[in-house]
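Trainee: Pasting a structure here, questions to come.
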Amino acid sequence: MSDFEVKPIVDTPKVLGKMDVLRAKKLKKELVPVPEWGGSVWVQEMTAEMRDRFDGWVVNRKTNSQEGMRLQVLISTVVNEDGTPMFTELDIPDLKGKSGCATTRLSDAGMRLSGMSEEAKVEETKNSAAVESGDSSSSSVETSDAHTPTTSSSI
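Following my numbering, the numbering of the sequence shown begins with 1 at its first residue and continues without gaps.
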């Protein structure tokens with residue numbers, strides 16, 4: 001007999017293997033209204049590659065200013081219906097002349113979906129605490145296949 005008792009953990013999440021991770025294609029995505037532009041656009045969480053590029057941009061700036069950050073998030077998260085990026089670095093000069101309200105709305109959605117906003121950090125903290133305590137009542141995040149757009153709540 002051992003000196004400790006092993007208790008089964010209720011609602012243990014699936015432990016993923018390498019192939020599970022590599023096959024996963026789910027990215028959070030939502031259709032965000034942009035009345036200033038006469039319609040809506042898809043905003044998707046950053047892929048690991050896009051997040052690395054964004055983080056590199058932040059690190060390589062010569063200033064502590066926030067200048068340019070909103071548009072960097074926008075080009076990293078606004079996508080076409082098929083999930084491909086809508087904008088590139090080459091579009092930044094044109095985007096600078098667009099509505100600040102619209103670009104802020106899209107950037108805020110991209111940051112939230114990518115786990116970079118304060119709202120997302122608070123939600124992640126709540127979800128982590130729920131997992132650690134074994135509480136399965138934490139809220140789930142809606143995801144969509146990168147090639148099958150669906151709407152979720154918008155800002």
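We put the CB at the ideal spot given by N, CA and C, even for glycine.
Look at the Cβ atom of V73, then the Cβ atom of G100, and state whether they are nearer than 7 Å.
Mentor: no
Trainee: I believe M86 touches V79 by the beta-carbon criterion, under 8 Å. Please report the beta-carbon distance rounded to the nearest angstrom.
Mentor: 6 Å
Trainee: Roughly how many angstroms lie between the CA atoms of T47 and R53, to the nearest whole one?
Mentor: 10 Å
Trainee: How far does the alpha helix (DSSP H) with E174 in it reach, from first residue to last?
Mentor: The structure shown does not extend to residue 174, since the chain is modelled only from 1 to 155, so the question has no answer here.
Trainee: Measuring CA to CA, which of S107, W37 and K14 is closest to K98?
Mentor: Considering only S107, W37 and K14, the residue with the shortest C-alpha distance to K98 is W37.
Trainee: Using C-beta distances below 6 Å, list every residue in its chain close to S76, excluding the 5 sequence neighbours before and after it, in chain order.
Mentor: M46, M50 and F54
Trainee: Whose C-alpha, out of N64, S40, T12 and Q44, is nearest the C-alpha of T84?
Mentor: Q44
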